[in-house]
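In UniProt numbering, the protein residues as written are 1 to 203.
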C-alpha cells in the first residue's frame with residue numbers, strides 16, 4: 001500500500017512564523033492519526049514567502065518558475081491539503097490568495113482540506129468561516145469540519161477558558177482530516193471491497 005501524500009501550504013510572511021508553526025502542528029496531528037489507522041503519509045511543505053516573487057511574476061506572465069511549478073503540482077496531486085494563512089484586515093493574505101488563484105480549475109475538487117489561520121487576537125477567528133472556508137468551497141474542496149485559528153495568546157497559555165485549548169483543536173482537526181483522507185482512499189481503491197479502515201474517534 002503506497003504512502004499517502006499530504007501537501008502543506010504556509011502563508012506566513014515572517015521568520016520564524018506562527019503560521020508555519022501551526023501548519024507543522026496540524027500536519028503532525030494528521031499524520032499521527034493516519035499512522036494510528038495504519039497508513040503512512042508523506043508531508044510536502046510549501047512556504048509561500050520564498051515564492052512571493054515567482055507568484056507575482058506568474059500572475060502577469062503566465063509562466064511559473066521551477067520552484068513554483070513544483071509547489072502547484074504537488075498541491076494539485078496530493079491526497080490532502082493543509083492550508084494556513086495569517087489574517088490581515090479580516091481576511092487571508094494576498095500572497096495566500098494569489099497562490100491558490102494559480103491552481104488549475106478543478107485542482108482541489110473533492111480533495112480533503114484542513115484550513116487554519118493565525119492572528120494577533122481571537123477577533124480575527126471569524127475569517128476562517130467568512131473568508132477561508134468560502135475560498136475552498138468555491139474550489140469544490142472537501143473541507144474538514146474543524147478549522148483551527150491560533151491567536152498570539154494561544155501559544156503561551158490556555159487561551160480562552162470557554163473554548164477548547166489549541167492542542168485539543170489541532171488534535172480534533174487532524175483526526176477529521178485523516179478520516180476524510182481514509183474515506184477518499186477507500187472510495188478510490190480498485191477491486192473488491194476489503195476490510196474497512198479503522199475508525200477514528202473524534203473528541
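Where is the CB? At the ideal position from N, CA and C, for every residue including glycine. All of these numbers come straight from a predicted model, not from anything done at the bench.
- If the five residues before and after residue 169 are omitted, its C-beta is found closer than 7 Å to the C-beta atoms of 146, 148, all from its own chain and listed in chain order.
- Per the coordinates, the alpha-carbon of residue 94 lies some 14 Å from the alpha-carbon of residue 57.
- Between residue 118 and residue 167, the C-beta gap is not smaller than 8 Å, which leaves the two residues out of contact.
- Closest option to residue 142, judged by alpha-carbon separation, among 45, 111, 64: 111.
- With contacts defined as CB atoms closer than 8 Å, residue 72 and residue 34 fail to qualify as a contacting pair.
- By the neighbour-count criterion, in which 16 or more other beta carbons inside 10 Å mark a residue as buried, residue 187 falls on the exposed side.
- Taken through DSSP and simplified to helix, strand or coil, residue 172 comes out as helix.
- The three-state secondary structure of residue 102, taken from DSSP, is coil.
- Beta-bridge pairing by DSSP links residue 39 to no other residue.
- For residue 30 against residue 82, the beta-carbon gap comes to about 7 Å, under 8 Å, which counts as contact.
- 8 Å or more divides the Cβ of residue 8 from the Cβ of residue 60.
- Taking all protein chains in view, the Cβ of residue 126 is surrounded by fewer than 16 other Cβ atoms within 10 Å, so the residue is classified as exposed.
- Under the three-state reduction of DSSP, residue 45 is assigned to strand.
- The DSSP-derived three-state label of residue 108 is coil.
- The shortest CA-to-CA distance from residue 19 to any of 32, 39, 49 is the one to 49.
- The residue from 38, 174, 11 with its alpha-carbon nearest to that of residue 113 is 174.
- Annotated three-state conformation of residue 15 is coil, per DSSP.
- Ranking 156, 164, 179, 6 by CA distance to the CA of residue 80 puts 6 first.
- In terms of CA proximity to residue 98, 64 leads the group 178, 64, 128.
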